[in-house]
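A.B. asks: Using the working numbering, you'd call the opening residue of the sequence shown number 85 and step up by one each time. Starting off with a structure, shown below.
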Amino acid sequence: MFEMATKVHDERRQGEAFAPNIPDSKEYKRRFYIESYGCSMNFSDSEIVASILSDEGFGATRHLQEADLILVNTCSIREKAEQTVRKRLTEFRKLKHQKPSLLVGVLGCMAERLKSKFLEEEKLVDLVVGPDAYRSLPGLILGADDGQKGVNVLLSREETYADISPVRLNSNGITAYVSIMRGCNNMCSFCVVPFTRGRERSRDPESIIKECRDLFNAGYKEVTLLGQNVDSYYWTGALPSKEGKIDAQFLPPLTLLTGENNPQPLLMQDAGNNSDTLISEVSAWLSSPTGGDGTSGAKLGMGAITFASLLEMVALISPQLRIRFSTSHPKDITDDVLFTMAKYDNICKYIHLPLQSGSNRILQLMNRSYTREWYMAKVDRIREIMPGCGISADIIAGFCTETEEDHQDTLRVMEYSEYDLSYMFFYSERPGTLAQRRYEDDIPEEIKKRRLQQIVELQNKLSQQSNKEDVGKTFTVLIEGDSKKSDKHWMGRTSHNKVIVFPKDTHLLVPGSYVDIKVNDCTQATLLGEIA
Ligand code: 5AD
Ligand code: SF4
């Protein structure tokens, strides 16, 4: 109940049944129904799964009764998420009694975590497929049709689904997710993700740019670049040339370009106003005999694409395309990223910067690799480089051994950071994580909940305060669609990711239009305005 509706983990979208946004009159051999839980990455993966299935003649349906195949894309991040899915699977089993040919499959993090347990002990499903094994779905479905239950939970060091063009499901036609990397190497002690999604790997930049450009050409106006830790995006592989050929495989040494104190965005200093030029420059350098000899900082910069350089390439697609990204890690976000954001109006001025805890002792137990001082200095730096930039956080209440003083430290960092929004959770021990193996989950539930309640109350105050400060200001807003409460109002977002609602009036606006809106009033969650 404390998980607020957000773009990162949108509580309103949990269990959403996906279907294409465009009416689809094609004849399909069979229909699949897919429900998604958890983070944006899972929702994005469901679009990859839809693409793989549609190549096999499966069409999506929103109606369970029509489905020949039911898929649940699952989340393991907290116990509650897993319980919800189990309940759902029990309901689906009942449907199988009515329609014996119906197949039920579990995808995603729970599939990875529980593997064949779903088939052997619980006998709930026919297919169990982990996040890196979606390409094997068609084969597994064929086997399951013949009564052979299928499991593929192999994790990969390479799979990025780079070549798969996702089928956009339930899309508003204006905003879309684009996955830029998979997995996570961070090993935060509370987190199950490194075990369920495997090692971190970055997707090749050319396929990312192509996907973003195709979205823009199809009328989309905003892309959100997704990864568990986007700041560690790092590409050193050969880029296909524009004709799609790879002339030379060249891998420069894996020297990290932190650029922490480098005020210049890497790679892009001399770039023209076109991401094609950038890609061909990068390709040319990568295939040149001297490329990546490591002797020159500038050259090394050209040899590796960092998140800052990727951001810049996407920003150059069109000033009319907005770019967001999630999630940043306080230990990894660089000045290069901040300066790149500041340089381009179309890179939204909003950073999701998980705090988790404001206590140095707890941060160390969480294996977060930063201190509260480091975190607060990052907040200062963001505000210095981009005054008015929106900042949000993830916060966990009641981690192992957390004292009242630790909790107060968290509240103090929240006050300091003046978050516009937070995603707040109480600690949920996850099997197999470092914390589960090393520490006792020793904070009683009522204390966890009370601390969480205090965190939520403080955040409500900060959100209200932040919205009040926007009253009287004018923002450029991208219209996403009708307001939920009234079709006489538009709903859109500001660059700093605030939802704003305003009357349609007589202006000729449509979803996807940019419009300047003056803020007249606000609630804790929404700005209210009028066309300026
Ligand atoms: N318990 C509670 N919250 C968790 N998160 C991750 N693992 C856990 C857990 N075991 C939260 C973190 C993370 C967000 C996606 O979910 O705050 O940033
Ligand atoms: Fe989990 Fe930490 Fe990786 Fe985020 S950065 S996915 S919290 S291990």
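Yeah, the Cβ is synthetic: ideal placement off N, Cα and C, and Gly gets one too.
#1: What residue range is occupied by the uninterrupted alpha helix (DSSP H) comprising Ile138?
#2: Is Cys432 near ligand 2, with its Cβ less than 7 Å from a heavy atom?
#3: Distance, Cα to Cα, Ser393 vs Lys294?
#4: Given a cut-off of 8 Å, decide if Ile248 and Ile136 are closer than it, judged by their beta-carbon atoms.
#5: Taking the alpha carbon of Tyr112 as the reference point, which residue from Ile132, Gly143, Gly122 has its own alpha carbon closest?
#6: Give me, in chain order, the residues of the same chain whose beta-carbon lies closer than 7 Å to that of Tyr459; leave out the 5 immediate sequence neighbours on both sides.
#7: If we count Cβ pairs, one from each stretch, closer than 8 Å, do we get three or more for the segment 212-226 versus the segment 253-262?
#8: Please say whether Ile479 and Ile620 have beta carbons closer to each other than 8 Å?
#9: According to DSSP, simplified to helix, strand and coil, what is Val81?
#10: Extract the residue ranges of the alpha helix (DSSP H) inside the segment 205-271, only unbroken runs of 4 or more that lie entirely within it.
#11: With burial defined as no fewer than 16 other Cβ atoms inside 10 Å of the residue's Cβ, what is the status of Glu486: buried or exposed?
#12: Please classify Glu290: is it buried, with 16 or more other beta-carbons within 10 angstroms of its beta-carbon, or exposed?
#13: At 4 residues or longer, and completely inside the segment 569-605: list those alpha helix (DSSP H) runs for me, N to C.
#14: If you follow the beta strand (DSSP E) that Ile435 is in, where does it begin and where does it stop?
#15: At the level of alpha carbons, what is the spacing between Gly231 and Glu140?
#16: Grab the span of the alpha helix (DSSP H) containing Tyr301 for me, first residue to last.
#17: Taking 7 Å as the cut-off, is the beta-carbon of Arg521 closer than that to any non-hydrogen atom of ligand 1?
#18: Cβ of Asn313 versus every heavy atom of ligand 2: is any distance shorter than 7 Å?
#19: Go ahead and pull the three-state DSSP assignment for Ile446.
#20: Which residues in the same chain as Ser240 place their Cβ atom closer than 6 Å to its Cβ, once the five residues preceding and following it in sequence are excluded?
#21: Quick one: using the 10 Å Cβ neighbour count with 16 as the cut-off for buried, is Tyr503 buried or exposed?
#22: Give me, in chain order, the residues of the same chain whose beta-carbon lies closer than 7 Å to that of His436; leave out the 5 immediate sequence neighbours on both sides.
#23: In the DSSP assignment, find the beta strand (DSSP E) that holds Phe142 and state where it starts and stops.
#24: DSSP state of Val314, grouped into three classes?
#25: What residue range does the beta strand (DSSP E) around Leu611 cover?
#26: Using three-state DSSP, classify Asn157 as helix, strand or coil.
#27: Met470: which of Arg452, Ser453, Tyr434, Tyr500 sits nearest, CA to CA?
#28: Can you list, in chain order, the residues of its chain whose CB lies under 7 Å from that of Cys272, leaving out five sequence neighbours each side?
#29: On the criterion of 16 or more Cβ atoms from any shown chain inside 10 Å, does Ala195 qualify as buried, or is it exposed?
#30: Give me the Cβ distance between Val561 and Ile527, rounded to the nearest whole Å; I'm assuming they're in contact under 8 Å.
#31: Run through the segment 491-540 for me and flag every whole alpha helix (DSSP H) of 4 or more residues, listed as ranges in chain order.
#32: Give a yes or no on whether the C-beta atoms belonging to Leu400 and Phe300 are separated by under 8 Å.
#33: What do you get for Arg266, buried or exposed, if any count of 16 or more other CB atoms within 10 angstroms of its CB means buried?
#34: Does the Cβ-Cβ distance between Ile584 and Gly556 come in under 8 Å?
#35: Unbroken alpha helix (DSSP H) runs of length 4 or more, entirely within the segment 175-208: which are they?
#36: According to DSSP, which residues form a beta bridge with Tyr117?
C.D. replies: The structure says:
#1: First, the residue type needs correcting, since residue 138 is Ser and not Ile in the sequence shown. Its alpha helix (DSSP H) spans residues 124-139.
#2: no
#3: Approximately 15 Å, taken between the alpha carbons.
#4: yes
#5: Gly143
#6: Pro414, Leu439, Val497, listed in sequence order.
#7: No, the segment 212-226 is not in contact with the segment 253-262.
#8: For the chain, the structure presents residues 85 to 616; residue 620 sits outside this window and is missing.
#9: The structure shown does not extend to residue 81, since the chain spans only 85 to 616, so no value can be given for it.
#10: 221-229
#11: Residue burial annotation: Glu486 is buried, with at least 16 other C-beta atoms found within 10 angstroms of its C-beta.
#12: buried
#13: Segments of the alpha helix (DSSP H) lying fully in the segment 569-605: there are none.
#14: 434-436
#15: Approximately 19 Å between the Cα atoms of the pair.
#16: Reading off the sequence shown, one finds Asn at residue 301, where the question assumed Tyr. Looking at the DSSP string, the run of the alpha helix (DSSP H) that includes Asn301 is 289-301.
#17: no
#18: yes
#19: helix
#20: Asp216
#21: buried
#22: Val92, Ser410, Thr411, Ser412, Ser476
#23: 142-144
#24: helix
#25: Where Leu611 is concerned, the enclosing beta strand (DSSP E) stretches over 611-615.
#26: strand
#27: Tyr434
#28: Met450, Asn451, Arg452
#29: Buried, since its Cβ has 16 or more Cβ neighbours within 10 Å.
#30: No, Val561 and Ile527 are not in contact; Cβ-Cβ is about 42 Å, not under 8 Å.
#31: 518-522
#32: no
#33: It counts as buried.
#34: The answer is no: Cβ separation not under 8 Å.
#35: Here the runs fully enclosed are 193-198, 201-204.
#36: Ile154
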